[in-house]
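Chemist: Protein sequences appear in the order of chains Y and L.
Quick note: the first sequence uses full-length UniProt numbering, first residue 1, plus one each step.
Quick note: the second sequence uses full-length UniProt numbering, first residue 1, plus one each step.
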Amino acid sequence: MKRNMTVKVLSGTMCMAMAAVTLAGTGIGGMKAEASSGEKVTLNFAASQNWILDVDRELAKEFEEKTGIAVNFQLSPDDQYQTIIKSKLNTGEGPDIFMSYSGTKLKDFNPEKNMVDLSDEAWVADQEQWAIDSSSYNGKLYAQNIAGVDDTNGVLYKPAVFEELGIKVPANYAEFKEACDKLLEAGITPVYEFVKDLWHTHYWMEGASALALANNPELYNQLNSNEIGFADVPEYVQALEQLKEMEAAGYFGENHMSNIYDNSYEALDSGKYGMIIIHGSYPNEMKNNIPELNPDDYSMFPSPLVDNEYVTLTAGGTTKCINAGSEHIEEAKQYFDFLAEKANVEKLYEEKPLYMMSAVKGITAAPTKAFTDLMEIAGDKNAPGAEASVYFYDGGKISELCQEMFVGSLTPQEVLEEFDNSRRALAKDAGLEGF
Amino acid sequence: MNHKKIYPSYFTLLPLILYLAFFIIPSFMGLALSFTDWNAVNDEIHFIGIDHFIDIFTNKRYILVIVNTLIFAVFTTVFKNVIGFGMALALNKGFKTRNFLRTVFFFPVMLSPLIIGLVFKSIYNPEYGVINDFLSLIGLGGFTHDWLGDTKTALGAVIAVEIWRLVGQNMVIYIAGLQAISDDYLEAADIDGASGWQKLRYVILPQMLPSITINLILNLIAGLKVFDLVFVLTNGGPARKTEVLNTVIYKEYGSGRYGFSTALGLIMFVFTCIVAFSVLKAMTKEEE
Chain Y
1 MKRNMTVKVL
11 SGTMCMAMAA
21 VTLAGTGIGG
31 MKAEASSGEK
41 VTLNFAASQN
51 WILDVDRELA
61 KEFEEKTGIA
71 VNFQLSPDDQ
81 YQTIIKSKLN
91 TGEGPDIFMS
101 YSGTKLKDFN
111 PEKNMVDLSD
121 EAWVADQEQW
131 AIDSSSYNGK
141 LYAQNIAGVD
151 DTNGVLYKPA
161 VFEELGIKVP
171 ANYAEFKEAC
181 DKLLEAGITP
191 VYEFVKDLWH
201 THYWMEGASA
211 LALANNPELY
221 NQLNSNEIGF
231 ADVPEYVQAL
241 EQLKEMEAAG
251 YFGENHMSNI
261 YDNSYEALDS
271 GKYGMIIIHG
281 SYPNEMKNNI
291 PELNPDDYSM
301 FPSPLVDNEY
311 VTLTAGGTTK
321 CINAGSEHIE
331 EAKQYFDFLA
341 EKANVEKLYE
351 EKPLYMMSAV
361 KGITAAPTKA
371 FTDLMEIAGD
381 KNAPGAEASV
391 YFYDGGKISE
401 LCQEMFVGSL
411 TPQEVLEEFD
421 NSRRALAKDA
431 GLEGF
Chain L
1 MNHKKIYPSY
11 FTLLPLILYL
21 AFFIIPSFMG
31 LALSFTDWNA
41 VNDEIHFIGI
51 DHFIDIFTNK
61 RYILVIVNTL
71 IFAVFTTVFK
81 NVIGFGMALA
91 LNKGFKTRNF
101 LRTVFFFPVM
111 LSPLIIGLVF
121 KSIYNPEYGV
131 INDFLSLIGL
141 GGFTHDWLGD
151 TKTALGAVIA
161 VEIWRLVGQN
171 MVIYIAGLQA
181 ISDDYLEAAD
191 IDGASGWQKL
201 RYVILPQMLP
211 SITINLILNL
221 IAGLKVFDLV
231 FVLTNGGPAR
241 KTEVLNTVIY
251 KEYGSGRYGF
261 STALGLIMFV
271 FTCIVAFSVL
281 KAMTKEEE
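1. Name the two residues that bound the continuous beta strand (DSSP E) containing His279(Y).
2. By the three-class DSSP mapping on this structure, what secondary structure does Pro217(Y) have?
3. Counting contacts by CB-CB distance shorter than 8 Å, is Leu10(Y) in contact with chain L?
4. What residues in the stretch 148 to 163 of chain L have a beta carbon less than 8 Å from any beta carbon of chain Y?
5. Which partner residues does Ala47(Y) have in the DSSP bridge list?
6. Take the Cβ of Glu285(Y) as the centre, count every other Cβ of all protein chains shown within 10 Å, and call the residue buried at 16 or more, exposed below.
7. Could you give the uninterrupted runs of the alpha helix (DSSP H) lying entirely in the stretch 354 to 389 of chain Y, keeping only those of 4 residues or more?
8. Could you spell out the range, first to last residue, of the beta strand (DSSP E) harbouring Phe35(L)?
9. Quick check on this structure: which residue in Thr247(L), Tyr253(L), Asp183(L), Gly223(L) has the alpha carbon closest to the alpha carbon of Lys93(L)?
10. Sorted by chain position, which residues of the same chain lie with C-beta nearer than 7 Å to Lys281(L)'s C-beta, five sequence neighbours on each side aside?
11. Assuming Tyr310(Y) and Ala214(Y) are in contact, meaning their beta carbons sit under 8 Å apart, how far apart are those beta carbons, in whole angstroms?
12. According to DSSP, simplified to helix, strand and coil, what is Pro238(L)?
13. Quick one: is Tyr62(L) near chain Y, going by C-beta distance under 8 Å?
14. DSSP state of Gln144(Y), grouped into three classes?
15. Unbroken alpha helix (DSSP H) runs of length 4 or more, entirely within the stretch 309 to 355 of chain Y: which are they?
16. On the CB-based measure, 16 or more other CB atoms within 10 Å of its CB, does Leu118(L) come out buried or exposed?
17. In the DSSP assignment, find the alpha helix (DSSP H) that holds Thr58(L) and state where it starts and stops.
18. Quick check for students: name the residue ranges of the alpha helix (DSSP H) that lie wholly in the stretch 138 to 177 of chain L, counting only runs of 4 or more.
19. Mapping DSSP to helix, strand and coil, what is Glu34(Y)?
20. To the nearest angstrom, report how far apart Leu165(Y) and Trp199(Y) are at their CA atoms.
21. Starting from Val226(L), trace the beta strand (DSSP E) in both directions and tell me its first and last residue.
22. Of the residues Asp96(Y), Glu206(Y), Ala171(Y), which one's Cα is nearest the Cα of residue 439(Y)?
23. Per DSSP, which one or two residues make a beta bridge with Met246(Y)?
24. Provide the residue(s) that pair with Val55(Y) in DSSP beta bridges, ordered along the chain.
25. Please report the Cβ distance between Leu148(L) and Thr234(L), rounded to the nearest whole angstrom; I am assuming they are in contact, meaning their Cβ atoms lie under 8 Å.
26. Closest by CA to Lys121(L), which one among Thr262(L), Asp228(L), Ala276(L), Leu245(L)?
27. Roughly how many angstroms separate the alpha carbons of Asp54(Y) and Lys40(Y), rounded to a whole number?
28. Could you tell me the alpha carbon to alpha carbon distance between Glu162(L) and Gly168(L), rounded to whole angstroms?
29. Going by beta-carbon coordinates alone, are Met257(Y) and Ala370(Y) separated by less than 8 Å?
30. Classify Thr103(L) as buried or exposed, calling it buried when 16 or more other Cβ atoms lie within 10 Å of its own Cβ.
31. Can you give me the C-alpha to C-alpha distance between Val360(Y) and Lys347(Y), rounded to a whole angstrom?
32. Could you tell me the alpha carbon to alpha carbon distance between Ala276(L) and Pro26(L), rounded to whole angstroms?
33. Pairs of beta-carbons, one from the stretch 219 to 237 of chain Y and one from the stretch 190 to 204 of chain Y, closer than 8 Å: are there three or more?
34. When you compare the stretch 396 to 409 of chain Y with the stretch 316 to 328 of chain Y, are there three or more beta-carbon pairs, one atom per stretch, that lie closer than 8 Å?
35. So Phe6(L) is in the beta strand (DSSP E); what residue range does that whole segment cover?
36. Look at the alpha carbon of Met46(L) and the alpha carbon of Ala32(L), and state the distance between them as a whole number of angstroms.
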């Protein structure tokens, strides 16, 4: 009995001692972490994988050398980025800095709750007015756009190939189909479409936005007030009907349901595919992946669906925002100040030739030949797209529904009706007037 | 009964508090939130009754997702059990490479589904994937296929990966069950002149019922809750042919419709409980 008691006391003491050591260890560790975090701040910066290039990392390194504040890039796959970042922000685990498309897309991230108001920052004075407007919500500037527009879309092709095959640059849908047929005859798959990456297929529909707006100047207001839905816009319906026709005609090849963006550079450069609907800076992006490639070998024309002649502009490309819940708002502001310094903006524009229009006064962008050709063809026929102008426009959702259209589960009209349903549900939840 | 060996009841207090704090309370909070319009854009939360559930059960698109989830769960459960049981029977016999083969077949269980997904994404690739390369190599080029991109083969391709991934786990549980069967029964059956099939049907299978029950329930639950493998391989595509409940929950949550995604989560929870308890009840009755 006495021996049992001794064992119990001994065991109890040992347990207490172990617990004390464990707790002390945790405490010491915690104190160290706190001390070290007090010395060095790391800003977590979330972006889609193709938005950050070497020059961004170099600038971050220079910023760290100058201030001691490190920048840790957290990159997500392009078609997952929006979902991941929204989930993180709304579970209180958002990064210090995150990127967003400009225009109405800012609303997707609930700017008044999740973004720091940057209206009074010093660098704002150097911004072009369109860059300020496209990064603002309810009169407050919530994002920094020092980069400019980078994703105005058109159909990219190689003029040399068109010339060799006697193909005229298409000015309408009928001519586009002729071009596709000639490419097919020559053994070239006419269009590289990557349906699997959900961010892209809706470009064909969005390509008709400027035309639809020209035909109905109140279009975006009517969509935003729920007077009409996308399914009520004939240009969008026809764009999808023609897209379905293109797919059925075999213009996208056999593997379009599995194609991915990352393979597009090689697909185009190898001559296996003839065209792609893509942003104007794409030839420079190709060069980044295939150094021997000459970006000037490529040109662009406006999306020909619905006999469109307009160029659909984005509000202002991608922007950077500071998470209102961040513990390092001041450090993030320092980083934004650093990026906005003239020398750094110049370095960015020089080494990241993705920007077709400069967002900063006194800085000139170097647009690609393809982009310049596109803008020349369109002349003054350009207007903002629905993606940046209509609340809860979700290109990923439209692209996903297009998959169902390609396999015959949905008609073009049903694609738009289904998209309207999901958009209306989001708008209703958000308490938007009219929904 | 030796009462000294029974722990005092207050020992349950700490686990109970932890269980309440980290499971029961969040679950009930989730239950409540599924009846609200909680979302990413509007800070105010309103009670909306069963609106989300009406939306889900009146929309054929969500019904299709439930059907896909069921197909995935049933097919993976059946094949994992049948193949796992066959492998267990084969590897329960004494031969030199037995332990090595057991390890090899169990190995995928230890790998992350995400890693497996990425590997199989390459294997299934229509242009440079190993499967199509192999088919071409042996003169079956006509059978090469866009396995994950074709609506006819995508779900089957994902199911095949899941079976490959977890068949080893089933095998191990069945081996444990087989080894618990006393040799006396099998020897008695031999003396009575039972054939191999008769021994399997009347001696081995009845005694394997507890193992079968465990495997059935674990596989059904894993099948109904599948996410990572589908997410990496197809993300629910093409054309939603591989969309399952968890990928929809993730997408709805990502789009900011938290109340709606919570409602879907609740449906999945109830659904999983019903299936698991039904199977458990049926199998327990069989065991008796």
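Backbone N, C-alpha and C fix where the C-beta goes; we use that ideal spot for every residue, glycine too.
Modeler: In short:
1. Here residue 279(Y) refers to the residue found at position 279 when the first sequence is read from its first residue. Here the beta strand (DSSP E) through His279(Y) covers 273 to 279.
2. Here residue 217(Y) is taken as the residue at index 217 of the first sequence, counted from 1. Of the three classes helix, strand and coil, the one that applies to Pro217(Y) here is coil, per DSSP.
3. Sequence index remark: in the first sequence, residue 10(Y) carries index 10 (1-based). Confidence is the limiting factor: at Leu10(Y) the pLDDT is only 41, short of 50, which leaves the residue's position unreliable and the question unanswerable from this model.
4. Leu148, Gly149, Asp150, Thr151
5. Position 47 of the first sequence, counted from the start, is the residue given in the question as residue 47(Y). Per DSSP, Leu75(Y).
6. Position 285 of the first sequence holds residue 285(Y). Classification for Glu285(Y): buried.
7. 369 to 378
8. Taking the second sequence and counting its residues from 1, the one referred to as residue 35(L) is at position 35. No beta strand (DSSP E) contains Phe35(L), which DSSP labels as neither H nor E.
9. What you label residue 93(L) is simply residue 93 of the second sequence in a count that begins at 1. It is Asp183(L) whose Cα lies nearest to the Cα of Lys93(L).
10. By 1-based counting over the second sequence, the position of residue 281(L) is 281. Closer than 7 Å at the Cβ level, and outside the excluded window around Lys281(L), lies no residue.
11. Sequence index remark: in the first sequence, residue 310(Y) carries index 310 (1-based). Sequence index remark: in the first sequence, residue 214(Y) carries index 214 (1-based). That belief holds up - the Cβ atoms of Tyr310(Y) and Ala214(Y) are roughly 6 Å apart, short of 8 Å.
12. In the second sequence, counting from the first residue as 1, residue 238(L) sits at position 238. Coil, per DSSP.
13. Mapped onto the second sequence, residue 62(L) falls at position 62. With 8 Å as the cut-off, Tyr62(L) does not count as an interface residue toward chain Y.
14. For the purposes of this step, residue 144(Y) is taken as residue 144 along the first sequence, with counting starting at 1. Reduced to three states, the DSSP call for Gln144(Y) is strand.
15. 329 to 340, 342 to 351
16. Translated into positions along the second sequence, residue 118(L) becomes position 118. Exposed is the call here.
17. Here residue 58(L) refers to the residue found at position 58 when the second sequence is read from its first residue. 51 to 58 is the extent of the alpha helix (DSSP H) around Thr58(L).
18. none
19. Here the question's residue 34(Y) lines up with position 34 in the first sequence. Here Glu34(Y) scores only 40 on pLDDT, less than 50, and its place in the model is too uncertain to base an answer on.
20. By one-based count along the first sequence, residue 165(Y) stands at place 165. By one-based count along the first sequence, residue 199(Y) stands at place 199. If I take the Cα positions, the gap works out to 31 Å.
21. As a working mapping, residue 226(L) is identified with position 226 in the second sequence. Run containing Val226(L): none; DSSP gives neither H nor E here.
22. A question about residue 439(Y) goes unanswered here, because the residues of chain Y that appear run from 1 up to 435.
23. On the first sequence, position 246 is the one that residue 246(Y) refers to. Its beta-bridge partners do not exist; DSSP assigns none.
24. Your numbering for residue 55(Y) matches position 55 in the first sequence. Partner(s): none; Val55(Y) has no beta bridge.
25. Residue 148(L) sits at position 148 when you count from the first residue of the second sequence. Residue 234(L) sits at position 234 when you count from the first residue of the second sequence. With 8 Å as the limit, Leu148(L) and Thr234(L) qualify as a contact, their Cβ atoms being about 5 Å apart.
26. As a first step, residue 121(L) must be located in the second sequence, where it is residue number 121. Measuring from the Cα of Lys121(L), the nearest candidate turns out to be Asp228(L).
27. For the purposes of this step, residue 54(Y) is taken as residue 54 along the first sequence, with counting starting at 1. For the purposes of this step, residue 40(Y) is taken as residue 40 along the first sequence, with counting starting at 1. Computed Cα separation, rounded: 23 Å.
28. As a working mapping, residue 162(L) is identified with position 162 in the second sequence. As a working mapping, residue 168(L) is identified with position 168 in the second sequence. Distance between the alpha carbons of Glu162(L) and Gly168(L): 11 Å.
29. On the first sequence, position 257 is the one that residue 257(Y) refers to. On the first sequence, position 370 is the one that residue 370(Y) refers to. Result no, Cβ atoms of Met257(Y) and Ala370(Y) do not sit closer than 8 Å.
30. Mapped onto the second sequence, residue 103(L) falls at position 103. Exposed, by the Cβ-count rule.
31. Taking the first sequence and counting its residues from 1, one reaches residue 360(Y) at position 360. Taking the first sequence and counting its residues from 1, one reaches residue 347(Y) at position 347. Each residue's Cα considered, the two are about 13 Å apart.
32. In the second sequence, the residue the question calls residue 276(L) occupies position 276. In the second sequence, the residue the question calls residue 26(L) occupies position 26. Rounded to the nearest angstrom, the two C-alpha atoms are 22 Å apart.
33. no
34. no
35. On the second sequence, residue 6(L) is found 6 positions in, with the first residue counted as 1. Correcting the residue identity first, residue 6(L) is Ile in this sequence and not Phe. First-last for Ile6(L): undefined, no H or E at that position.
36. The count along the second sequence starts at 1 and reaches residue 46(L) at position 46. The count along the second sequence starts at 1 and reaches residue 32(L) at position 32. Per the sequence presented here, residue 46(L) reads as His, with Met not at that position. So the two alpha carbons sit approximately 11 Å from each other.
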